[in-house]
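Going by our numbering, the sequence shown opens with residue 1024, and the numbers climb by one from there. Idealized CB from N, CA, C, for every residue including glycine. These numbers were taken from a predicted model, which means no experiment stands behind them. Below is one structure; the comments refer to it alone.
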Amino acid sequence: MTTVVQITPEIGPGTGVGAVAFHLEQEWRRAGVDVRRFTLDEAGGAWLPAATGGVAGRLSLLARVVWFSTVGTRRARRYLRRHPDQLSVCHNDALAGDVYVNHGIAQAAMRARGHYRLRMLRNPVLLFTTARDRRRYSGGGDHRLVVNLVSDEERLLRDVYPGLTLPTVVIGNGVDVERFRPPTPLERAQARERLGLADGDRLVLFIGNEFGRKGLPVLVEALGLLAPEVRLVVVGGTPDLVAAEARRTAARRLGDRLRFDGAQTDPRPWLHAADVL
């Protein structure tokens, strides 16, 4: 039986990158693959506090990223040496694993948002991960293959790291078409009722954990130019991200047209209610 170990700080639904690993785990197990986990717990970092809001939350995030990138790398490599028969897939932080799944390039995202140098200097997590990933993509010895989820990320990866020597491939995230199917009329009516939507309301749905990088501030400003029956619901984000976005002037102007529902393990009810995703 094939054995795969996934290396990432957390694995679970509604956790961003960890959700990708979670659903891969489920599908592989259905296919008869023995799937193991190497997470922050296995890396000895379970004692680190979860990243929440405010300055303390940002420091917690930095501590978790640095721990899994350093101590986690060392312990993951030791685990892999002990289990040379296992295929290893790394999703985040650690410099270990046969396959590395590229879930985004921070440098490219910050350049796209403007004021690149200022954004990098203001965020020590970005400075650290940029230095770490320069080693990942330029050293060439940590992984055997890089998987990009979309063709644009393949292009960006080679633009940002022109010296990349690792082979790369594009494999998109799969979709469970049985779970994520169009709703029945009754399911849609119930979902819209739960959100307090009137018949004439039009719902725009945003799902994501990184608001700035994924364009939520622009969407919030655009909503203010639309008719008052157009509403926006945001699913995802940490408490500090939600609080920061809710404080923005453009968000406050929308009043009850903008709603933040936080991270959810199952987004289907919101998808059932939405007119635009």
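Reference residue i, options the options, closest by Cα
i: residue 1150; options: 1162, 1046, 1128; result: 1128
i: residue 1293; options: 1280, 1281, 1279, 1257; result: 1257
i: residue 1196; options: 1239, 1171, 1240; result: 1171
i: residue 1235; options: 1263, 1277, 1037, 1164; result: 1263
i: residue 1255; options: 1278, 1119, 1132, 1039; result: 1278
i: residue 1213; options: 1226, 1295, 1190; result: 1295
i: residue 1162; options: 1217, 1225, 1185; result: 1185
i: residue 1237; options: 1289, 1111, 1222, 1268; result: 1268
i: residue 1219; options: 1265, 1141, 1281; result: 1281
i: residue 1189; options: 1217, 1210, 1159, 1200; result: 1159
i: residue 1153; options: 1089, 1104, 1205, 1083; result: 1089
i: residue 1183; options: 1198, 1221, 1207, 1135; result: 1135
i: residue 1081; options: 1242, 1049, 1145, 1110; result: 1145
i: residue 1246; options: 1041, 1300, 1072, 1273; result: 1273
i: residue 1284; options: 1232, 1241, 1050, 1244; result: 1232
i: residue 1302; options: 1049, 1040, 1041; result: Lying before the first or after the last residue shown, residue 1302 is absent from the chain, which here runs from 1024 to 1300.
i: residue 1110; options: 1204, 1078, 1168; result: 1168
i: residue 1251; options: 1230, 1078, 1223; result: 1223
Cβ neighbours of residue i in the same chain (closer than 7 Å, five flanking residues each side left out)
i: residue 1062; result: 1031, 1032, 1033, 1034
i: residue 1046; result: none
i: residue 1104; result: none
Neighbourhood of residue i by C-beta distance below 6 Å, restricted to the same chain and skipping five residues each side
i: residue 1057; result: 1024, 1026
i: residue 1193; result: 1171, 1174, 1177
i: residue 1098; result: 1066
i: residue 1038; result: none
i: residue 1299; result: 1227
i: residue 1179; result: 1128, 1131
i: residue 1126; result: 1040
i: residue 1265; result: 1283
i: residue 1259; result: 1230, 1231, 1232, 1286
i: residue 1100; result: 1119
i: residue 1095; result: 1066, 1117
For residue i, the residue or residues it bridges with in DSSP
i: residue 1124; result: 1170
i: residue 1230; result: 1258
i: residue 1281; result: 1255
i: residue 1043; result: In DSSP, residue 1043 forms no bridge with anything.
i: residue 1026; result: 1057
i: residue 1243; result: Answer by DSSP bridge pairing: none, since residue 1243 is not bridged.
i: residue 1265; result: Answer is none; residue 1265 lacks a bridge partner.
i: residue 1299; result: 1227
Integer Cβ distance of residue i from residue j, believed to fall under 8 Å
i: residue 1297; j: residue 1228; result: 4 Å
i: residue 1123; j: residue 1113; result: 5 Å
i: residue 1121; j: residue 1166; result: 7 Å
i: residue 1261; j: residue 1074; result: 7 Å
i: residue 1085; j: residue 1147; result: 6 Å
i: residue 1225; j: residue 1253; result: 5 Å
i: residue 1202; j: residue 1291; result: 7 Å
i: residue 1059; j: residue 1028; result: 4 Å
Nonlocal neighbours in the same chain, by C-beta distance under 8 Å from residue i, ignoring five residues either side
i: residue 1091; result: 1032, 1063, 1066, 1068, 1115, 1116, 1117
i: residue 1070; result: none
i: residue 1155; result: 1092, 1116, 1118
i: residue 1275; result: 1269
i: residue 1210; result: 1295
i: residue 966; result: What is shown of the chain runs 1024 to 1300, which leaves residue 966 out entirely.
i: residue 1301; result: Only positions 1024 to 1300 of the chain appear in the structure, and residue 1301 is not among them; the question remains open.
*Sequence ranges, beta strand (DSSP E) only - wholly within the region 1062-1114, length at least 3*: Considered as a whole, the region 1062-1114 harbours 1110-1113 as its complete beta strand (DSSP E) runs of no fewer than 3 residues, in chain order.
_Continuous alpha helix (DSSP H) assignments of at least 4 residues falling wholly in the region 1130-1161_ = If only uninterrupted alpha helix (DSSP H) runs of at least 4 residues are considered, those enclosed by the region 1130-1161 are 1139-1145.
*Residue ranges of each alpha helix (DSSP H) run of no fewer than 4 residues wholly in the region 1192-1236, ordered along the chain?*
As far as the region 1192-1236 is concerned, its whole alpha helix (DSSP H) runs of at least 4 residues are 1208-1217.
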